[in-house]
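Respectively, the protein sequence lines represent chains S and Y. Take 1 as the starting number for the first sequence in the UniProt record's numbering and just add one per residue. Take 1 as the starting number for the second sequence in the UniProt record's numbering and just add one per residue. Quick reminder that beta carbons are idealized off the backbone N, C-alpha and C, glycines included. Keep in mind the model is a prediction, meaning the values are calculated, not measured. Let me begin by presenting the structure, written as structure tokens, before commenting on it.
Protein chains: 2
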Amino acid sequence: MDARGYRRYWDEERETRDPARRDVLILERIQHQLHYAYERLPFYRRHYDTAGFHPDQVQSLADFTAKVPIITKKMLVEDQRDNPLFGTYQGDVADDDVARIQGSSGTSGIPTFYRVSRRDWERAADVHAMAQWAAGLRPCDIAQISFPFSLFFGGWGVIQGAERVGASVFPLGPIESDRQLELMFKLGATCFSATPSYCLHLIGVAEQLGLDLASGPVQRLLVGGEPGGSVPATVARITEAWGASVHDAGSTSEMYPFQTNITTEALNGVMLFTDEVYTEIVHRDDPHQPLPDGERGAIVYTHLWRDSQPMIRFWPGDETYMTHEPSSCGRTYPRLPEGIVGRLDDMLIIRGANVYPSNIEAGLRSTDGLGAEFTITVERRGVLDEMTVQAELSPETAAELATLSADDAQARRAAIRAEAERQLKAQTQIRVPVELLEPGALPETVFKARRVIDLRGEAT
Amino acid sequence: MDARGYRRYWDEERETRDPARRDVLILERIQHQLHYAYERLPFYRRHYDTAGFHPDQVQSLADFTAKVPIITKKMLVEDQRDNPLFGTYQGDVADDDVARIQGSSGTSGIPTFYRVSRRDWERAADVHAMAQWAAGLRPCDIAQISFPFSLFFGGWGVIQGAERVGASVFPLGPIESDRQLELMFKLGATCFSATPSYCLHLIGVAEQLGLDLASGPVQRLLVGGEPGGSVPATVARITEAWGASVHDAGSTSEMYPFQTNITTEALNGVMLFTDEVYTEIVHRDDPHQPLPDGERGAIVYTHLWRDSQPMIRFWPGDETYMTHEPSSCGRTYPRLPEGIVGRLDDMLIIRGANVYPSNIEAGLRSTDGLGAEFTITVERRGVLDEMTVQAELSPETAAELATLSADDAQARRAAIRAEAERQLKAQTQIRVPVELLEPGALPETVFKARRVIDLRGEAT
Chain S
1 MDARGYRRYW DEERETRDPA RRDVLILERI QHQLHYAYER LPFYRRHYDT
51 AGFHPDQVQS LADFTAKVPI ITKKMLVEDQ RDNPLFGTYQ GDVADDDVAR
101 IQGSSGTSGI PTFYRVSRRD WERAADVHAM AQWAAGLRPC DIAQISFPFS
151 LFFGGWGVIQ GAERVGASVF PLGPIESDRQ LELMFKLGAT CFSATPSYCL
201 HLIGVAEQLG LDLASGPVQR LLVGGEPGGS VPATVARITE AWGASVHDAG
251 STSEMYPFQT NITTEALNGV MLFTDEVYTE IVHRDDPHQP LPDGERGAIV
301 YTHLWRDSQP MIRFWPGDET YMTHEPSSCG RTYPRLPEGI VGRLDDMLII
351 RGANVYPSNI EAGLRSTDGL GAEFTITVER RGVLDEMTVQ AELSPETAAE
401 LATLSADDAQ ARRAAIRAEA ERQLKAQTQI RVPVELLEPG ALPETVFKAR
451 RVIDLRGEAT
Chain Y
1 MDARGYRRYW DEERETRDPA RRDVLILERI QHQLHYAYER LPFYRRHYDT
51 AGFHPDQVQS LADFTAKVPI ITKKMLVEDQ RDNPLFGTYQ GDVADDDVAR
101 IQGSSGTSGI PTFYRVSRRD WERAADVHAM AQWAAGLRPC DIAQISFPFS
151 LFFGGWGVIQ GAERVGASVF PLGPIESDRQ LELMFKLGAT CFSATPSYCL
201 HLIGVAEQLG LDLASGPVQR LLVGGEPGGS VPATVARITE AWGASVHDAG
251 STSEMYPFQT NITTEALNGV MLFTDEVYTE IVHRDDPHQP LPDGERGAIV
301 YTHLWRDSQP MIRFWPGDET YMTHEPSSCG RTYPRLPEGI VGRLDDMLII
351 RGANVYPSNI EAGLRSTDGL GAEFTITVER RGVLDEMTVQ AELSPETAAE
401 LATLSADDAQ ARRAAIRAEA ERQLKAQTQI RVPVELLEPG ALPETVFKAR
451 RVIDLRGEAT
């Protein structure tokens, strides 16, 4: 029993299973999915025949990594373009057995379409419930959801889990921020689901409304949709201002059910439900070379249970590292200690250093006096790429500066700027100039933040 | 079996039951609900004690109408104000057993909160499925939903039914109109759910995009949220332009599950599932005086199954009439031949005539050459109220006029205007001046239309 009188796990046998025993089950499911895909899904048959791969070659998890070709978003888009609407990987699912159709924004305005069978949809609800239960959601909670309910899976995945847990669901979607907060306080919502950027943004909105988030009703934040939910300084800032634990969850739309990973109540990184979506970390230049715990590489996902549009060794282009150390929550799954660290193609090379937007975010969040919004500008100067950061002061800091003499205010700004640059140096090993902006100078982030402005393609 | 090989009814025994036998079941449920409310819900206890009513007094359906006091929206709002958040009519439901919290827009910014138990929520899915099945929705259909998924019940009720039917659900919510149509055609959505105003609005958008709705994929339109879905001329216009049947459904948020009524495939008015929500038509000045079939009066609703916030003799202020004539679809429920005709307090008295906005809508929809948008302006001139109507020309008509000589165009406009005024005279018995506007002159309706502009309170 937990502190509130509920059982501790959603599915104790599954979540605390001996990892070696779990690997046996995972291998069985991998073999099943490989044969299903090879026999019934032309997309995989073509891909595997071209690579000279056959499912019979996989007799171990090591074989799986060593021998099975990866697939990418680009391959899925091309297959849907050539075989509309759902591609030849749509799976052996009759129209009558389809529960959901969703989509993602696509280049040229045509979305990638997702088509989920009833069986897969039902199963997704259960694993999303397992994830949210692991984050502490219980039937007594009121779960307010700010993710949109529209074309993307966004809010739909969150609500499925909260409904299955048995929480009271309050699904507002992305309404105006002041209304979002007023209703949250009025209703006493104990759980709030949003992007980390939006949680940061609401800190400022709450101050303007005179609402004290830290003494407010919310006890846990289920965040996702972007990486910030595992950036330590971001998590610390949100946790302190909200007086609530931060739980990072969610992989990608291709991998629906996307909550096969979540920060549990142990708050020690993102746990991976590998018996639902098997997850590997491999070398960024060689998808058949597994990496040991702690080494950063590319993440690769495999659906173990989906019939409709199953992904086998899907390469989303995300970078991170794994650990198999035991978790104090008692679950025996591996974890991503820092969640998704960044996108492989987001890496910027600045004067020889590898810099990720998440490094910049971590540095700024560790600097007192700054607000939620910032941008990173990258430009070419001569033969070198250079980076500058524009960061807003927090509303309180701006208000404080307004009470000072001009000289004192200037000194205080210089000190904040110096501290920000010191934090960025610590994160990136290079000097990154920081420009301070007034609160409100940058566009407000109400959904996912767009941080990087890349001017390298433009004439200078 | 129906033409597509599915069973004809969702629940044949229930839907085709002998009405006398159904009334026995209804009376049992009414007695159960009255006792439950009187014993466990202080709101009802106070109200009934004040009126000198006791549940034991109801031994027949006639007793129910004659003896049970009605309740109104105002009473619910006051009870929630005095007993936040959910009022003393919230019902005997533990926090752990609450599935959903939704709200309605309220005066002074505080919504009325709706709180639905898990049992009631599950049951709502089933009756919504029964309604949508009666309108012809089947598992092979793709159901695109444009109602919002947010604070209001709107889209949530529609999606519950479509999911339970087993259709492929494509829940876009209120996205941009051109995107709504592009995705509809791309995906081949066979069912579209929207307000009637929005269906009309999309006719013009489709023309601009060069999409032919009539030969498009949509075969049925599930409409609601406002009365137009049963205004014959509106239905005719939508049916012709879309090449699809129009099914009017939905009562009020208080009465969730709101799809306890729907235009079935027989297309002969709105059928009432009276064994889910018992429905009476009574005299507008005496809620205890039942009216016979065909006579217009006030509608009164009663939840027969809800534990959470059950409504017993709820008076929404809507006006209509009923029929018990058999329906060709074989279901044995009564019907509202014209759906909800209007709101009792929407009635305008113009030179002694009772005029409803629905009369104006019906007249304009019968006039060739007009577009979707119109407004009704009411002003005081001396001691009399006067009404004028502003109606947009359709884009095709405007384009046609632009090709004519000035004299010919003027003559054509005069003819359209005269025809509109003739149609309004036929509907209202009085002369209503019509002013023709260019397409786009009035704000576009993308959700519920706001038609009446009342200037009587202003200085003239």
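Query, Result
"Could you give the distance in angstroms between the alpha-carbon of S/T323 and the alpha-carbon of S/R296?", "11 Å"
"Mind checking which residues open and close the beta strand (DSSP E) that includes S/L364?", "That residue, S/L364, is in no beta strand (DSSP E); its alpha helix (DSSP H) goes 357-365."
"Using the beta-carbon of each residue, which ones in chain S are nearer than 9 Å to Y/S366?", "Those do not exist, as Y/S366 stays about 36 Å from chain S at its closest Cβ, beyond 9 Å."
"Answer yes or no: does any C-beta atom of chain S fall closer than 8 Å to that of Y/D96?", "yes"
"Using the three-state DSSP reduction, which class does S/Y301 fall into: helix, strand or coil?", "strand"
"For S/G229, which of S/S251, S/G52, S/Q208 has the nearest alpha-carbon?", "S/S251"
"Name the chain S residues whose beta carbon is nearer than 8 Å to that of Y/R118?", "G166"
"Under a Cβ-count criterion, where at least 16 other Cβ atoms within 10 Å of its own Cβ denotes burial, should S/L455 be classed as buried or exposed?", "exposed"
"Determine the contact status of Y/G363 and Y/P227, defining contact as a CB-CB distance below 8 Å.", "no"
"Using a Cβ-Cβ cut-off of less than 7 Å, list which residues of the segment 190-221 of chain S approach chain Y; keep chain order.", "none"
"Evaluate Y/W10 with the Cβ neighbour count: other Cβ atoms within 10 Å of its Cβ, from every protein chain shown; 16 or more gives buried, anything less gives exposed.", "buried"
"In angstroms with no decimal places, state the Cα-to-Cα distance between S/R21 and S/W305.", "18 Å"
"Where does S/C191 sit, in a helix, a strand or coil, going by DSSP?", "strand"
"Closest Cβ-Cβ distance between residue 472 of chain Y and chain S: below 8 Å?", "Nothing about residue 472 of chain Y can be reported from this structure: the residues present for chain Y run from 1 to 460 only."
"Can you list the residues of chain Y that S/V169 reaches, using a CB-CB cut of under 8 Å?", "A99, R100, I101"
"Please name the residue in S/L442, S/V169, S/H303, S/Q429 whose C-alpha comes closest to that of Y/A99.", "S/V169"
"Under 7 Å: does the beta carbon of S/Q390 sit that close to some heavy atom of the ligand ZN?", "The ligand ZN is not part of the structure shown, which contains no ligands of any sort."
"I'd like to check one pair, S/E386 with S/I350: are the Cβ atoms closer than 8 Å?", "yes"
"Are the beta-carbon atoms of S/P310 and S/H128 separated by less than 8 Å?", "no"
"Here's a check: name, in chain order, each residue in its chain whose Cβ is nearer than 7 Å to the Cβ of S/A241, leaving out the five neighbours to either side.", "I203, L213, A214"
"Beta carbon of Y/W315, beta carbon of Y/T72: below 8 Å?", "yes"
"For a contact defined as C-beta to C-beta under 9 Å, what are the partners of S/S150 on chain Y?", "F149, P171, L172, G173, P174, I175"
"Inspect the CB distances between the segment 182-196 of chain S and the segment 134-143 of chain S and report whether three or more fall short of 8 Å.", "yes"
"Taking the CB atoms as reference points, tell me whether Y/V341 and Y/E319 lie closer together than 8 Å.", "yes"
"Which residues of chain S have a Cβ atom closer than 9 Å to the Cβ of Y/L85, listed in chain order?", "K186, L187, G188"
"Please tell me whether S/V282 and S/P290 are closer than 8 Å, where the distance is taken between their beta carbons.", "yes"
"Comparing alpha-carbon positions, which option in Y/L25, Y/A353, Y/G136 lies nearest Y/Q219?", "Y/G136"
"Determine, for Y/P257, whether the minimum Cβ-Cβ distance to residues of chain S falls below 8 Å.", "no"
"Consider the Cβ of Y/C140: report whether some Cβ of chain S lies at a distance smaller than 8 Å.", "yes"
"When the distance is taken between beta carbons, is Y/A134 closer than 8 Å to Y/E265?", "yes"
"Quick one: what does DSSP say S/P232 is sitting in, helix, strand or coil?", "helix"
"Applying the criterion that 16 or more other CB atoms from any shown protein chain within 10 Å of the CB defines a buried residue, is S/N261 buried or exposed?", "buried"
"Could you tell me whether the Cβ atoms of S/G225 and S/G154 are closer together than 8 Å?", "yes"
"Output the distance between the C-alpha atoms of S/P174 and S/E396, rounded to the nearest integer angstrom.", "26 Å"
"Where does the unbroken beta strand (DSSP E) through Y/A266 begin, and where does it stop?", "From DSSP, Y/A266 is part of no beta strand (DSSP E); its letter is neither H nor E."
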